[in-house]
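S.K.: There's a structure below that I have some questions on.
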Amino acid sequence: MSRTSHIRRLFAVVATAVLTAGGLAAATPSATATTSAIPPSINTAPSYNGLSLTPPMGFNDWAGFECNSQMNETLFTKTADQIVSLGLDKLGYNYVNIDDCWMQKYRDSNGNLQVDATRFPHGMKWLGDYIHSKGLKFGIYEDAGYYTCQGAAGSYGHFQQDADQYASWGVDYLKLDYCYQPLDQFPGKSQSEVAQIVYTEASQALLNTGRPMLFSESAPAYVCCSGPDFQNELTWLYQHGNLWRFGSDIYNAWPSVLENYSEGNTPGLAKWAGPGHWNDADMLEIGNGGLSLTEEQTQMTLWAEMASPILLSTDLSKLTPAELSIVSNPDVVAIDQDSLGAQGTIVQSGTGYDVLAKPLAGGDVSVVLFNKGDTAQTVTTTAATVGLPADGAPFQLTDLVTKAKTASAGPISAALPPHATTIYRIHPRADKHLPIAATATISTADGAPLTPGTPAPVTVSLSNNGYFDAQQPTVTLHLPPGWTATPTTLNLKNIAPGTTATATFQVTASTPPPGKVTTTLTATIAYRDRGAPATATADLSNVTNTPFPNLASAFNNVAISNESDPAPGNFDGDGDSYSAQALAAAGAAPGATVTANGAAFTWPNSAIGTPDNVAGSGVMVTQPGHGSKLAFLGAEAGFTTDTVTVTYTDGTTTDGTLGFPNWCCASPTSYGATPAVITDHRNTPSGPANFGIHYDVFYNSIPIDPAKSVATVTLPNDAAIHIFAMTVQP
Ligand code: GLA
13 MSRTSHIRRL
23 FAVVATAVLT
33 AGGLAAATPS
43 ATATTSAIPP
53 SINTAPSYNG
63 LSLTPPMGFN
73 DWAGFECNSQ
83 MNETLFTKTA
93 DQIVSLGLDK
103 LGYNYVNIDD
113 CWMQKYRDSN
123 GNLQVDATRF
133 PHGMKWLGDY
143 IHSKGLKFGI
153 YEDAGYYTCQ
163 GAAGSYGHFQ
173 QDADQYASWG
183 VDYLKLDYCY
193 QPLDQFPGKS
203 QSEVAQIVYT
213 EASQALLNTG
223 RPMLFSESAP
233 AYVCCSGPDF
243 QNELTWLYQH
253 GNLWRFGSDI
263 YNAWPSVLEN
273 YSEGNTPGLA
283 KWAGPGHWND
293 ADMLEIGNGG
303 LSLTEEQTQM
313 TLWAEMASPI
323 LLSTDLSKLT
333 PAELSIVSNP
343 DVVAIDQDSL
353 GAQGTIVQSG
363 TGYDVLAKPL
373 AGGDVSVVLF
383 NKGDTAQTVT
393 TTAATVGLPA
403 DGAPFQLTDL
413 VTKAKTASAG
423 PISAALPPHA
433 TTIYRIHPRA
443 DKHLPIAATA
453 TISTADGAPL
463 TPGTPAPVTV
473 SLSNNGYFDA
483 QQPTVTLHLP
493 PGWTATPTTL
503 NLKNIAPGTT
513 ATATFQVTAS
523 TPPPGKVTTT
533 LTATIAYRDR
543 GAPATATADL
553 SNVTNTPFPN
563 LASAFNNVAI
573 SNESDPAPGN
583 FDGDGDSYSA
593 QALAAAGAAP
603 GATVTANGAA
613 FTWPNSAIGT
623 PDNVAGSGVM
633 VTQPGHGSKL
643 AFLGAEAGFT
653 TDTVTVTYTD
663 GTTTDGTLGF
673 PNWCCASPTS
683 YGATPAVITD
693 HRNTPSGPAN
703 FGIHYDVFYN
713 SIPIDPAKSV
723 ATVTLPNDAA
733 IHIFAMTVQP
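Just so you know, my numbering puts the end of the sequence shown at 742, numbered straight through with nothing missing.
Next comes the structure, spelled out in structure tokens:
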């Protein structure tokens, strides 16, 4: 399926509150914030079937297992056992849902769906009974089109027959996907009109069985996230279902979490959520190994804030204690499950960050400060921005992860590492005698990275947002290896409520290794709050991109392998690679000169099976020379181009766009390239294969200024583009 996301955000620009300085330097407000004045609205229409008054929670196998060999009966019985033994059921994780691949490709002669008996030898009724015996509920998957997305029998034309079948098995939840849409049955109707017809019919079929079944409608995921079909579907989905996937399939990596989060914040989407009907941001990837612990916490926090279903999709027996505490944090689960049913929305955004607010039953507000960016930053918002009364009365901030409770006079802030969130439950009219809310910030003079060897000011501040002095503050820098600072510790005067105190250090960074490197400098501020010790910390992410001395020292990928040992090679992300033997036969042996389009290149002189190319990562490489072109040998395993920046010895730069054809399977002259090395086979993980098809390496170039001398080259920042050699051509 193809899904695109076109996210547009429109927010009114309003001024950001700046803390008063009380004679000390002012805090840096969060740069160029935009805030939305519109509070989230809630879809208060009743649940069409009376079910799912809070977002469903539980397990779905797809993200963690797809149709692999573990996707069988045992996965679901074990998962049910683990949900109970880990106590997750007590927190609301009640559904055990089977996704695609439980059924066969064809129906039986009576038109009934046939269970894949190899995966599910005891059948679905047995499995449903097992899950019910654990006090849990049983979910199943089908597709409203001709086939499921994996090509098994779809439900179109059989909605009632299938619904009766599910009911007879004791099914409690149906996810109805929408691959292979039956558009040809409805000439002249739009995609959303057809979706409405089939989903309404399927929904009615479920009601007709008399068995309560939650209904998950996937239709909008196929028209995400703008345009008349998407907008139209949102107007009827809640009348026939309890939740709907609105966007991309989640996958096990940070960009996917960010993408689904962004799609979930499509303007106008949140207002369709409310008790009985939810926007589904897809499964959690927690436990699947592609996210850091910080990112796992962030997915849990954001999904709860967005009132998304919380469906785990991993081997629960392998969750680490830290991961288990993320998914079983009752206070975060309570935000997701809040009975008011509002979906949290973005109320403020700025460079690399968002602030989300979700009103809760009883008048509390859940506020998430989210650092989307790759460098640490302190994010600050105000009571008014998150929809709380701005009357100066104290607020209680409960950090739902650390459990710390503080009192604030209004400002709400947190120092956040990259990709991190802080989630506060904010209770208006709190006791001001709670510990003071105070947040640290650390920054360089202009936000620019420190130049190695050159002392430069680094400013650390503490904003006291509470009601009592931050007493005897001491600021300490924790320096990365090789860094120095003068001094490393500074004592400040007491910081009065509503003020910010600042300490400035002269910090000298050491020379980082070549490549893109993030070095973290941490500041700790120890202070006393009415005598009791307290601390605040903040990180500075110093990002440098130091040129490699030559292309070979930047090699970060093995694209060429030996036919007798293809294992180290991975050109395309699937373990396929060029054959060293086939390349040598075509003139590209290690260290050989390869001539193409008048340019002479040195082919990587790497031992076979060791790094031999740069997979685009935006690094800089020293490449002296004069000429009219910068020429490359490369290939790509996607279909992309990216920018190359040439820096001349006088400090000026020019940009060019570099693309290579796909190594095997596209026009060999795409992007203006020409084939340079033509081999007749490649290696797969199990050895040489695909004889008869060409696997090429291509020549391409970008123009450069012949009047200047090249100093360095910034390579493309797209991992699909691989560069084997580079030269300045006359
Ligand atoms: C689609 C859905 C996924 C999963 C697969 C199964 O891609 O979006 O969530 O159900 O189909 O084939």
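Just so it is clear, CB atoms sit at the ideal spot from N, CA and C, and this is done for glycine as well.
How is the beta strand (DSSP E) around residue 251 delimited, first residue to last?
M.R.: Where residue 251 is concerned, there is no enclosing beta strand (DSSP E), although the alpha helix (DSSP H) it sits in stretches over 240 to 252.
S.K.: Under 9 Å between the Cβ atoms of residue 77 and residue 107?
M.R.: In this structure, residue 107 does not lie closer than 9 Å to residue 77 by Cβ.
S.K.: Measure the C-alpha to C-alpha separation of residue 96 and residue 409 and round it to an integer number of angstroms.
M.R.: Approximately 32 Å, taken between the alpha carbons.
S.K.: Could you give the residue range of the alpha helix (DSSP H) that holds residue 545?
M.R.: Segment 544 to 558 is the beta strand (DSSP E) holding residue 545; no alpha helix (DSSP H) there.
S.K.: Start and end of the beta strand (DSSP E) containing residue 489?
M.R.: Segment 482 to 490, the beta strand (DSSP E) holding residue 489.
S.K.: Can you say whether residue 397 is buried or exposed, counting buried as having 16 or more other CB atoms within 10 angstroms of its CB?
M.R.: It is buried - the Cβ of residue 397 has at least 16 other Cβ atoms within 10 Å.
S.K.: Between which two residues does the alpha helix (DSSP H) harbouring residue 312 extend?
M.R.: Element bounds for residue 312: 305 to 317.
S.K.: Check the C-beta distance from residue 370 over to residue 355 and give it rounded, since I have them as a contact under 8 Å.
M.R.: The Cβ separation is near 7 Å, so the contact holds.
S.K.: What residue range is occupied by the uninterrupted beta strand (DSSP E) comprising residue 726?
M.R.: Per DSSP, residue 726 belongs to the beta strand (DSSP E) from 722 to 726.
S.K.: Going by DSSP, what residue range makes up the alpha helix (DSSP H) through residue 595?
M.R.: Residues 592 to 597.
S.K.: State the Cα-Cα distance for the pair residue 682 and residue 671, rounded to the nearest angstrom.
M.R.: Each residue's alpha carbon lies about 8 Å from the other.
S.K.: Starting from residue 584 and walking both ways along the alpha helix (DSSP H), at which residues does that stretch end?
M.R.: No alpha helix (DSSP H) contains residue 584, which DSSP labels as neither H nor E.
S.K.: Mind pulling the alpha helix (DSSP H) runs of 4 or more residues that sit fully within the stretch 198 to 282?
M.R.: Fully enclosed alpha helix (DSSP H) runs of 4 or longer: 203 to 221, 240 to 252 and 266 to 276.
S.K.: Work out the CA separation of residue 233 and residue 284 for me, nearest whole Å.
M.R.: Going from the Cα of residue 284 to the Cα of residue 233 covers about 15 Å.
S.K.: Roughly how far, in whole angstroms, is the beta-carbon of residue 127 from the beta-carbon of residue 152, given that I think they are within contact range, below 8 Å?
M.R.: That belief does not hold up - the Cβ atoms of residue 127 and residue 152 are roughly 10 Å apart, past 8 Å.
S.K.: Entirely within the stretch 695 to 723 and at least 3 residues each: give me those beta strand (DSSP E) ranges in chain order.
M.R.: As far as the stretch 695 to 723 is concerned, its whole beta strand (DSSP E) runs of at least 3 residues are 699 to 701 and 707 to 715.
S.K.: As a quick check of your reading: which residues have a C-beta less than 7 Å from at least one non-hydrogen atom of the ligand GLA, in chain order?
M.R.: Here the residues come out as 13, 74, 111, 112, 153, 160, 161, 162, 187, 189, 191, 230, 233, 257, 261 and 294.
S.K.: If you reduce the DSSP assignment to three classes, tell me which class residue 42 lands in.
M.R.: Interpretation of residue 42 is limited by its pLDDT of 45, a score under 50 that renders its predicted location unreliable; no figure is taken from the coordinates.
S.K.: With distances taken between CB atoms, is the gap from residue 260 to residue 271 smaller than 9 Å?
M.R.: Closer than 9 Å, so yes.
S.K.: Quick one: residues in its chain with C-beta nearer than 6 Å to the C-beta of residue 742, no 5 flanking neighbours on either side, listed in chain order?
M.R.: Same-chain partners within the cutoff: 639.
S.K.: Beta carbon of residue 430, beta carbon of residue 514: below 9 Å?
M.R.: Going by C-beta atoms, residue 430 is not nearer than 9 Å to residue 514.
S.K.: How about residue 389 and residue 450: do their beta carbons lie closer than 9 Å?
M.R.: For residue 389 and residue 450, no; Cβs fall outside 9 Å.
S.K.: Quick one: Cα of residue 604 to Cα of residue 615, how far?
M.R.: Rounded to the nearest angstrom, the two C-alpha atoms are 5 Å apart.
S.K.: Contact between the stretch 579 to 586 and the stretch 456 to 465 is defined here as three or more beta-carbon pairs at a separation below 8 Å; is this criterion met?
M.R.: Short answer: they don't touch.
S.K.: How far does the alpha helix (DSSP H) with residue 88 in it extend, from its first residue to its last?
M.R.: 85 to 97 is the extent of the alpha helix (DSSP H) around residue 88.
S.K.: Can you check DSSP and say which residues form a bridge with residue 437?
M.R.: For residue 437, which the question treats as bridged, DSSP gives the partners 378 and 410.
S.K.: What's the call for residue 289, buried or exposed, on a 16-neighbour Cβ count within 10 Å?
M.R.: Residue 289 should be labelled buried.
S.K.: Consult DSSP for residue 143 and reduce its assignment to one of helix, strand or coil.
M.R.: The answer is helix: DSSP assigns residue 143 an H, G or I state.
S.K.: Which residues in the same chain have their Cβ closer than 7 Å to the Cβ of residue 622, if we skip the five residues on either side of it in sequence?
M.R.: Excluding positions up to five away in sequence, the list reads 570.
S.K.: Can you give the Cα-Cα distance for residue 180 and residue 226, rounded to whole angstroms?
M.R.: Near 15 Å, if we compare the C-alpha coordinates of residue 226 and residue 180.
S.K.: Could you check how far apart the C-beta atoms of residue 379 and residue 424 are, in whole angstroms? I think they sit under 8 Å.
M.R.: 6 Å between Cβ atoms; contact.
S.K.: Quickly, what does DSSP pair residue 606 with across the bridge? List them, please.
M.R.: 613, per the DSSP bridge assignment.
S.K.: Below 8 Å on the Cβ atoms is my guess for residue 661 versus residue 723; work out the distance and round it to an integer in Å.
M.R.: Right, their Cβ atoms sit about 5 Å apart.
S.K.: Taking DSSP's pairing of strands, which residues face residue 648 in a bridge?
M.R.: Answer by DSSP bridge pairing, in chain order: 674 and 733.
S.K.: Can you give me the C-alpha to C-alpha distance between residue 162 and residue 92, rounded to a whole angstrom?
M.R.: About 25 Å.
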